[in-house]
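Undergrad: Quick note, the working numbering runs 63 ahead of the 1-based positions in the sequence shown.
We put the CB at the ideal spot given by N, CA and C, even for glycine.
Before anything else, here's the structure in question.
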Amino acid sequence: MHFYCTCGTCIHDITDNIPHKAYLLSDEDEDRYCEAIEAVMRDESLTMDERVNRIVISLQTRYLSRSIYQCPDCGKLFVDDNNYKLHSFVPEEPVDKHLLTAARED
Ligand SMILES: [Zn+2]
């Protein structure tokens, strides 16, 4: 999938580890998401690989299906709504164009 920012930059989402993409977890879903992960991890009928697969395939699809993108050239943000329609937001100056990069490991 790809789309164009109004600045003309083509934003691609065709691979993993995209530095200008993140997933959106609603605060309203956070408790249910964590409880669902805990339930899967405690399910002793599953192997560890099955637990991980269930979390990655099922829970992330359910709770982390919405994405947020940042144009690497102008910094505009694009946020999926619950129907996967992108909404754009123009940042105020100065623009940090690396808002969605990986969290720091402290
Ligand atoms: Zn742009």
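Mind pulling the alpha helix (DSSP H) runs of 4 or more residues that sit fully within the region 89–155?
TA: 90–105, 111–116 and 123–126
Undergrad: Could you check whether the Cβ of cysteine 134 sits closer than 6 Å to any heavy atom belonging to ligand 1?
TA: yes
Undergrad: Compute every distance between the C-beta of cysteine 137 and the non-hydrogen atoms of ligand 1, then say whether any falls below 6 Å.
TA: yes
Undergrad: How many whole angstroms separate the CB atoms of leucine 140 and glutamine 133, which I take to be in contact at a CB cut-off of 8 Å?
TA: With 8 Å as the limit, leucine 140 and glutamine 133 qualify as a contact, their Cβ atoms being about 5 Å apart.
Undergrad: Excluding the five sequence neighbours on either side, which residues of its own chain have a C-beta within less than 6 Å of the C-beta of serine 151, listed in chain order?
TA: Excluding residues within five positions, the ones whose Cβ falls inside 6 Å are Lys139 and Phe141.
Undergrad: From asparagine 146 to arginine 129, what distance separates their C-alpha atoms?
TA: Approximately 9 Å, taken between the alpha carbons.
Undergrad: Are the beta-carbon atoms of cysteine 70 and aspartate 159 separated by less than 7 Å?
TA: Cβ atoms of cysteine 70 and aspartate 159: not closer than 7 Å.
Undergrad: Would you call alanine 102 buried or exposed, if buried means 16 or more other Cβ atoms sit within 10 Å of its Cβ?
TA: A residue is called buried when at least 16 other Cβ atoms come within 10 angstroms of its Cβ; alanine 102 does not meet this threshold and is exposed.
Undergrad: Say yes only if the C-beta of cysteine 70 is nearer than 6 Å to one or more non-hydrogen atoms of ligand 1, and no if none qualify.
TA: yes
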